[in-house]
Every structure is written in C-alpha cells, then in structure tokens.
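>
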Amino acid sequence: MQTSTLSETQEIVQENLDYTLFSWSKQKGQNPLAVKHAEGVYLYDYDGNRIIDFSSGLMNVNIGHGNQRITDAVVRQMQEVSYVTPSCVTKVRGELGKKLAEICPGNLNKSFFTLCGATSIDNAIKLARLYTGRHKILTRYQSYHGASIGAMAASGDPRKLPVDAQQAPNFVHFDLPYKYRWEYGEENLLKETVASLERMIAYEGPANIAAILLEGESGSSGCLQYPVGYLNEVRKICNKHGILLIMDEVMSGFGRTGKWFGFENHGIIPDMICMAKGLTCGYIPFGCLQVSDTIAAKYDDVMLALGLTYSAHPVACPAALETLNIYEDDNLIENAAAMGAYVTEQVELLKQKHPSIGDFRTTGLLGCIELVKNRTTKEAMAPFNAKPDEMEVMNKVAAKIKALGMYTFVRWSYIFIAPPLCVTKAQIDEGLAIISEAILIADEATTA
Ligand SMILES: Cc1ncc(COP(=O)(O)O)c(C=O)c1O
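Going by the numbering used here, the sequence shown opens with residue 983, and the numbers climb by one from there.
Pasting the structure below:
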C-alpha cells in the first residue's frame, strides 16, 4: 500500500488545486490558505495557526466570522422549509423586507431579493432601462460592479479587459479624479468633476440616459473617495434630467463606512440601492435590489420583468434578518466609525516611520494604504493594472504580510484595511504591526 507523504493541509490544498478553478488568477503556482474554522476577526488553518483577517474575507464578513446566531437562524428555517418558489412567501421574507425599509432612507421601501452583488446590479440596470424607457448607463472607470456580463460591462475595472469583446452595450464610463492625485487645487476638484459630468451628459443626450451607477464609497479600485459635495451635485443633475441614481452598496453597505450605507456620508438619497456582501456577511450568498416606492408603483399594473429561481430564498432571508439584528445588538456600525478613526490616527503615526506610505484613505473601515516610490512625485509603488514585473515589490510585501499571519487584500500599490466591524483597538494594533513590518520592504524601494 502506498502511503501519502503529504500533510493533511497539503492534501487539502492539492485536491483543491487538482479539481477546482481559482478566480482572477493563473491556475499554476497558487498557494491558497486552507481555512478550517474562523471566529471574529481570525481565521484558523488546519495546522492550528491563527491568521488575522484584515479584509473581512472580500470586505463582506462585516459581523465577523463564526457567529452562532446566523447558524441557528439558518438551521431553524431549514427545519421548517428550505425552499419555496419566489411566488410563494415565508414569514421571514416579509419581515426582512420590512426591516430593510426601516433601515433605508426616504421612500426606498421595496426589496427585490437577488443572489449576490452582480445579480443586484444586473437587475438594477434592467429595471432602470424598463422604468425610464432609456438605454444608457453612466458609470465610473475606476469602479467594480461584478463579474456577470452586465455588471462587468458597467465596471471600469481592468478585470473586464480580457473579456472586452463580450461587453454588454450602452455603458458609458467617466473618469473621476481623487484628491491625492489631483494637482490643480482642491477647490477646483469638485467644479471640474461636476462640469465634466455635465458635458458628458450633454454629449450622450440626457434623454437617452437611464441611470448613473456609482459605488456608495469606492472599494476595490483603491477607496478613491468622492470629492466633497460630489454626490450631492450628481443627485441634482439626475433630478434635472430625469436620470435615476443607483448606488452600488455591495461593498460599502451595512456599516462598513460607519453608516448603514456609504451614500449616507454624503447626505443624498438614491432611487435604487444594490446590496449583497454585508447583507448576510457571506454566511449564505444573497443580495437585494432596493427600490423606491415611486419606481415600484409603476409595476402595480404592469408586469415586473425580473425573476430568479432563488429570489427571496427562504434560507437566505433569516440569515439576512439575523445579520441586521446583530449590527444593531452589537453596535457594530458605531464601532466601525470609532475604529476607522483609530486606524486613521495610527496610520498617521506609521507615516512618520515609513517613507513608502503615500496616502491613507478610509471611510469607517473601508480603507487602504497607498504605497509610493517617492512622496514628492507620488509615483505609485505599482501602477494601475500593474504587469507582473511591476508588482515585484508589492508581491514581496504581500508575501510578508501572509507570512506574518495576516490575510488581507493587496492590489497594485494598495494594502486594504477593512477588518470585520467587531474589531477592537488591540486587534487593529496587532494588524498594523504586521503591515508596518511588511512595508519595510517597500521603504527600501523608495527614492526619497
Ligand atoms: C462594489 C461592488 N459591487 C458589486 C460587486 C459584485 O458582487 P458579487 O461578487 O457578489 O457578485 C462587488 C464585489 O466585490 C463590489 O465590490
């Protein structure tokens, strides 16, 4: 009998490599973390090592890992009924809809339940076009809205470039500069960005534009915050031209930015909200398209041409409802705001020690450090859409972060700091100590 020389962890990893495919990466050379269990802000591998999760999975596990309340809610529901068609109802579906209407501002009172972020976005695009009878959707280049054909075409993220030929039509992108890289005076930033959007709308024909779709706060593109007052101006422009405003709150929603939704930091109310991630915190895949009463009313007497076999999935609904209760019971949204302020203070101190820290931006706990080669020129440690050879330093930084026992999202010159909202000051200190040690590597590559 042949005995395996692989450890349990190696066997698990090998079987995954042999039989499964990995997102957004070359399949060869993968070295994934094998997670056995997780609790709070920590992941544990099969060898018993503890890893601090500084990106809440994919910025979705806002309430933290391993919360028994969700498991209990899901199990209770499964013991009653695991599936009914979307034309049937369960008690919890109505309760969840009611709770979301309470949380959402204005008259955003109606929920169409989806499966994930991309299905929320696709349905928002479809509904905006049906409702307005117009076809164009305006979005930002530096944005990500999902990987389905519609959501990917809406995104400006370079992940869509390999499937460029498959893009869905009628998406128009615009560039939106951000403060750190804007050279023409902060006072001109808002004026210029609004003026260029207005010009673009005139060129495209306002009567052809169904919606402007924007992230509530920028996420994986590098937390590229809106100029102060920008979303307010966008809201006014939308009102003027009968254009709908859709906020993608898939990443920025559910307390991540210190408010229920990212757009609440800007004092506006959109016409639709796309939700996923923090709605169930990844315990069960789920999403929601929240729409205003005004939009919903049109479909009182007209067929609503949207549908999914798993819309309002009975097991996902209690997971979402319990998640929303946990945000409130554990004061997680207040904690996100307080811990965001604490991270900001601490990174300010790190800046004095590390010449490679160019900028740090965070809204609540949706933040990232941007590393630069030179603080004066602001040349990024790795450029936008960096090629493998341009990632040499950042890959070493990422490898060091991993070796020191942290899981977080490192992209181009960005190191994301987006831990679960239950994080404590001590855990932030623990995480920042790891990042500080890792970016010594980047400090060596600076030129000033
Ligand atoms: C802002 C934003 N919108 C949409 C999505 C897509 O969500 P999903 O991967 O659940 O389809 C993501 C995913 O990261 C996201 O960050």
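Glycine residues also receive a C-beta, built at the ideal position from the N, C-alpha and C atoms.
(1) Is Val-1043 helix, strand or coil by DSSP?
(2) Since Ile-1439 sits in a beta bridge, which residues does DSSP pair it with?
(3) Identify which residue in Ala-1177, Ala-1415, Ser-1234 has its Cα closest to the Cα of Tyr-1126.
(4) Smallest Cα separation from Glu-1231: which of Leu-1109, Gly-1224, Gly-1240?
(5) DSSP state of Tyr-1324, grouped into three classes?
(6) Suppose the cutoff is 7 Å on Cβ atoms and the five residues either side in sequence are ignored; what does the same chain contact list for Lys-1118 look like?
(7) With a Cβ-Cβ cutoff of 8 Å, do Ile-1085 and Leu-1331 count as a contact?
(8) In terms of residues, what are the limits of the alpha helix (DSSP H) holding Thr-1053?
(9) Buried or exposed for Ser-1064, going by 16 or more other Cβ atoms inside 10 Å?
(10) Tell me whether Tyr-1166 is buried or exposed, calling it buried when 16 or more other Cβ atoms sit within 10 Å of its Cβ.
(11) Would DSSP call Glu-1180 helix, strand or coil?
(12) Nearest by alpha-carbon distance to Tyr-1026: which of Trp-1006, Gly-1048, Leu-1213, Ala-1301 is it?
(13) If you count every other CB in all the chains shown that lies within 10 Å of the CB of Pro-1014, and 16 or more means buried, which is it?
(14) Do you know whose CA, among Ile-1219, Ala-1150, Leu-1195, lies nearest Ile-1183's CA?
(15) Count the other CB atoms, across all protein chains shown, that sit within 10 Å of the CB of Tyr-1001; report buried if there are 16 or more and exposed otherwise.
(16) Between His-1223, Ser-1293, Tyr-1309, Ile-1225, which lies nearest to Trp-1498 when the distance is taken from Cα to Cα?
(17) Using CA atoms only, rank isn't needed, just tell me which of Thr-1121, Val-1056, Thr-1390 is closest to Pro-1296.
(18) By Cβ distance below 8 Å, which residues in the same chain neighbour Tyr-1389 in space, the five residues on each side in sequence not counted?
Inspection of the coordinates gives the following:
(1) If DSSP states are grouped into helix, strand and coil, Val-1043 belongs with coil.
(2) Residue 1439 lies beyond the range of the chain shown here (983 to 1430); nothing can be said about it.
(3) The shortest C-alpha to C-alpha distance from Tyr-1126 to any of Ala-1177, Ala-1415, Ser-1234 is the one to Ser-1234.
(4) Ranking the options by Cα distance to Glu-1231, first place goes to Gly-1240.
(5) If DSSP states are grouped into helix, strand and coil, Tyr-1324 belongs with the helices.
(6) Counting only residues of its own chain and dropping the five nearest sequence neighbours on each side, Lys-1118 has a CB closer than 7 Å to the CB of Asn-1152, Val-1154, Glu-1186, Asn-1190, Ile-1191, Ala-1192.
(7) No, they are not a contact pair.
(8) It spans 1050–1062 - the alpha helix (DSSP H) in which Thr-1053 sits, taken as one unbroken run.
(9) Flag for Ser-1064 reads exposed.
(10) Exposed is the call here.
(11) Annotated three-state conformation of Glu-1180 is helix, per DSSP.
(12) Nearest option by C-alpha distance: Gly-1048.
(13) The residue is exposed, with fewer than 16 neighbouring Cβ atoms inside 10 Å.
(14) Of Ile-1219, Ala-1150, Leu-1195, the smallest CA-CA separation from Ile-1183 is found for Ile-1219.
(15) Result: exposed.
(16) What is shown of the chain runs 983 to 1430, which leaves residue 1498 out entirely.
(17) It is Val-1056.
(18) Excluding residues within five positions, the ones whose Cβ falls inside 8 Å are Leu-1015, Leu-1025, Ile-1033, Ile-1034, Asp-1035, Phe-1036, Ser-1037.
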